[in-house]
Amino acid sequence: MKHGKYSLLFTLTVIFSLFTLLNGCQASAVAQNIDLDPQHSHLYHLAVKQDGEIILKVPPAYRTYKMYLTAIQQYAYLLEHVPAEMQTPEMYLTAVQSSIPLNLRTNAYGYNEYSVSILSIIPKELITYELAKEAVRHCASAISYLPEEFKTYEIYLLAVQENGTILQYIPQEFHTPELYLAAVTSNGYALRYIPEDQRTYELSLTAMRNTSFEFLSYVPDAFKTYDFYYHLVQYSSYPALKVVPKEFHTPELYLAAVQRHGYNIQHMPLASLTTEFIELAIQHSGFIYDYIPESLKTYDLSLQVVQQPKFSLRSIPLEHRTAELSLIAVQHGGSINYVPENLRTYDIYLTALRARSFNLAEDKYVKTPINYKTEDYYIAAMQGSGQYLDLVPKAYRTQAVIWSAIKQNGIALQYVPKKQRTYELSLLAVKSNGKALQYVPQHLRTYELSLAAVEQSSYAIQYLPKHFAIQS
Numbered sequence: 001m002k003h004g005k006y007s008l009l010f011t012l013t014v015i016f017s018l019f020t021l022l023n024g025c026q027a028s029a030v031a032q033n034i035d036l037d038p039q040h041s042h043l044y045h046l047a048v049k050q051d052g053e054i055i056l057k058v059p060p061a062y063r064t065y066k067m068y069l070t071a072i073q074q075y076a077y078l079l080e081h082v083p084a085e086m087q088t089p090e091m092y093l094t095a096v097q098s099s100i101p102l103n104l105r106t107n108a109y110g111y112n113e114y115s116v117s118i119l120s121i122i123p124k125e126l127i128t129y130e131l132a133k134e135a136v137r138h139c140a141s142a143i144s145y146l147p148e149e150f151k152t153y154e155i156y157l158l159a160v161q162e163n164g165t166i167l168q169y170i171p172q173e174f175h176t177p178e179l180y181l182a183a184v185t186s187n188g189y190a191l192r193y194i195p196e197d198q199r200t201y202e203l204s205l206t207a208m209r210n211t212s213f214e215f216l217s218y219v220p221d222a223f224k225t226y227d228f229y230y231h232l233v234q235y236s237s238y239p240a241l242k243v244v245p246k247e248f249h250t251p252e253l254y255l256a257a258v259q260r261h262g263y264n265i266q267h268m269p270l271a272s273l274t275t276e277f278i279e280l281a282i283q284h285s286g287f288i289y290d291y292i293p294e295s296l297k298t299y300d301l302s303l304q305v306v307q308q309p310k311f312s313l314r315s316i317p318l319e320h321r322t323a324e325l326s327l328i329a330v331q332h333g334g335s336i337n338y339v340p341e342n343l344r345t346y347d348i349y350l351t352a353l354r355a356r357s358f359n360l361a362e363d364k365y366v367k368t369p370i371n372y373k374t375e376d377y378y379i380a381a382m383q384g385s386g387q388y389l390d391l392v393p394k395a396y397r398t399q400a401v402i403w404s405a406i407k408q409n410g411i412a413l414q415y416v417p418k419k420q421r422t423y424e425l426s427l428l429a430v431k432s433n434g435k436a437l438q439y440v441p442q443h444l445r446t447y448e449l450s451l452a453a454v455e456q457s458s459y460a461i462q463y464l465p466k467h468f469a470i471q472s
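By our numbering, the letter at position 194 of the sequence shown is numbered 194, and the numbering carries on one by one without gaps.
This is how it looks when you write it as structure tokens:
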């Protein structure tokens, strides 16, 4: 019954807080004599939903509780920008759950500072055990900010499951085989923090599956068998063949190694390199072709690698650079500079421009023949990189060239004479690049056009008009 009493009290507190902050927002808007426009409000909410950090560009009067919550779901640090009267337990929980920024959530580095800083923003008296669990579940280093009574085995287990290397900070009395396995499963480097007499074969195998081969120095020598190294090359995300002793090299091990990581082919003896191994390796990355001896490169292999994005013909033997192969390479973004001079036709230049093999800013290095520079040439250039409209000679800035540029990158609108910036062209521009709204004449910035801009880029809210134009 006592628990129910406090739950009700907590609920009433939250409701009262929400009531207060909502009234506070309205009072603030009235005090500032701000007329909140529903169309602007919708665009601001849409922008924040796309990118939480854009809330810092939203006028304060439009920042609602829901908007802040949406922003914090993406970037926890934004909690420090929320007015105190708007902060609630729900917001704290949301901040803790998103304590790692979106751009770092798959990164092994940079976690620590965020979770700790988020907990430091939350009033200590409001940090509950459940909130502590959430904090640690999302960022292990949060344990350093928790009260001593919250540092339980459950908390420590959650911490090593998030980042195994936190094991080094966990008191010895909490160390168990379960904790060790969770730690190396999360991060193989945790093996170094496990006492040597506790490092089992299972722990060593588990560790190698999610770390680089540098962890080998922490693996007992007795475990380093053929099977161990076979598992290493089979699971390592690094070209681990380089650390496998020569006595363990076999065709089967080579196959497992190259299937896992193409760059392992660099560490195979020349006598073992077959066309099959090379084909397998270049499927991982065409750039591996740089490490293949010229004598082993065939036309078919060369044809395969040039079909990979941005692969340079530089690694292709001259005798393989035929019209067919050169065209395919350029179609996939390969540099035209490595196409033999006698094969650089008008069509291949147009193809290269469309594929962004080069752009007008780089033409000083490519040196396109002057007689190739026609209207179609500039249309192709704009289809590939429209932002370089300013580099098109004025005599060639035809409607077709301009529309091609705007369609590819709306930011090119800045190079279009103002009298030519029609509503249709402006709409095309913002749909291509929302930031182009800044170059749209004020009398054309309707709600519909502004909506299209914000849908394409949240940063477009910086260029919203005070009052939307009415399309005639």
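Every residue, glycine too, gets a C-beta built ideally from N, C-alpha and C.
Query	Result
If we call anything under 8 Å between Cβ atoms a contact, is TYR68 one with ILE55?	yes
What residues are listed by DSSP as bridge partners for ALA500?	It is not possible to answer for residue 500, since the shown part of the chain is limited to 1 through 472.
Here's the rule I'm using: 16 or more other beta-carbon atoms within 10 Å means buried, otherwise exposed. How should ASN433 be labelled?	buried
Taking 8 Å as the threshold (C-beta atoms), are ALA132 and ALA159 in contact?	no
Out of ILE166, TYR289, LYS124, which one is the CA nearest neighbour of VAL136?	ILE166
With DSSP as the reference, label GLN87 as helix, strand or coil.	coil
Check whether the region 375-395 and the region 349-361 are in contact - that is, three or more C-beta pairs closer than 8 Å.	yes
Report yes if the CB atom of SER385 is closer than 8 Å to the CB atom of SER357, and no otherwise.	no
What separation, rounded to the nearest whole angstrom, lies between the Cα atoms of TYR62 and GLN50?	16 Å
With DSSP as the reference, label TYR463 as helix, strand or coil.	helix
Counting only the same chain and skipping the five closest in sequence on each side, list residues whose C-beta sits under 6 Å from that of TYR218.	LEU191, ARG192
One question on the structure: do LEU391 and ILE406 come within less than 8 Å of each other, judged by their Cβ atoms?	no
Report the option in TYR349, GLU375, ALA361, ARG209 whose CA atom is closest to the CA atom of THR368.	TYR349
Straight-line CA distance for GLY333 to LEU313?	10 Å
Reducing DSSP to helix, strand and coil, say where ARG209 ends up.	coil
Quick one: residues in its chain with C-beta nearer than 6 Å to the C-beta of ASN210, no 5 flanking neighbours on either side, listed in chain order?	GLY188
Kindly provide the ranges of any alpha helix (DSSP H) runs that are 4 or more residues long and lie completely inside the region 286-347, ordered along the chain.	299-305, 323-331
Can you tell me whether ALA47 is buried or exposed, with buried defined as 16 or more other CB within 10 angstroms of its CB?	buried
Would GLU252 be called buried (16 or more neighbouring beta carbons within 10 Å of its own) or exposed?	exposed
Measure the C-alpha to C-alpha separation of TYR235 and GLN198 and round it to an integer number of angstroms.	23 Å
Quick check: what's the CA-CA separation for THR176 versus SER186?	16 Å
ARG192 lies in the alpha helix (DSSP H); which residues open and close that run?	Here ARG192 belongs to no alpha helix (DSSP H), and DSSP marks it neither H nor E.
Find out if the Cβ-Cβ distance for the pair LEU296, ILE282 is shorter than 8 Å.	no
What residue range does the alpha helix (DSSP H) around GLN399 cover?	399-408
How many whole angstroms separate the CB atoms of VAL430 and GLN456, which I take to be in contact at a CB cut-off of 8 Å?	6 Å
Near HIS45, what residues of its chain come up, given a Cβ to Cβ distance below 7 Å and the 5 sequence neighbours on each side ignored?	MET67
Output needed for VAL258: all residues of its chain with C-beta closer than 7 Å, excluding positions within five of it in sequence on either side, in chain order.	ASN264, ILE265, PHE277, LEU280, ALA281
Kindly indicate which three-state DSSP category LEU273 falls into: helix, strand or coil?	coil
Please report the distance separating the alpha-carbon of ILE194 from that of VAL305.	45 Å
Between LYS418 and the rest of its own chain, which residues show a CB-CB distance below 7 Å, the 5 nearest in sequence each way excluded?	PRO441
State the DSSP-derived secondary structure class of PHE223, mapped to helix, strand or coil.	helix
Considering only residues of the same chain and omitting the five flanking positions on each side of ASN23, which have a CB-CB separation below 7 Å?	Below a pLDDT of 50, predicted positions are generally treated as unreliable, and ASN23, at 44, falls in that range; no measurement from the model is reported.
Could you check which residue in ALA222, LEU179, PHE215 has the C-alpha nearest to that of VAL243?	PHE215
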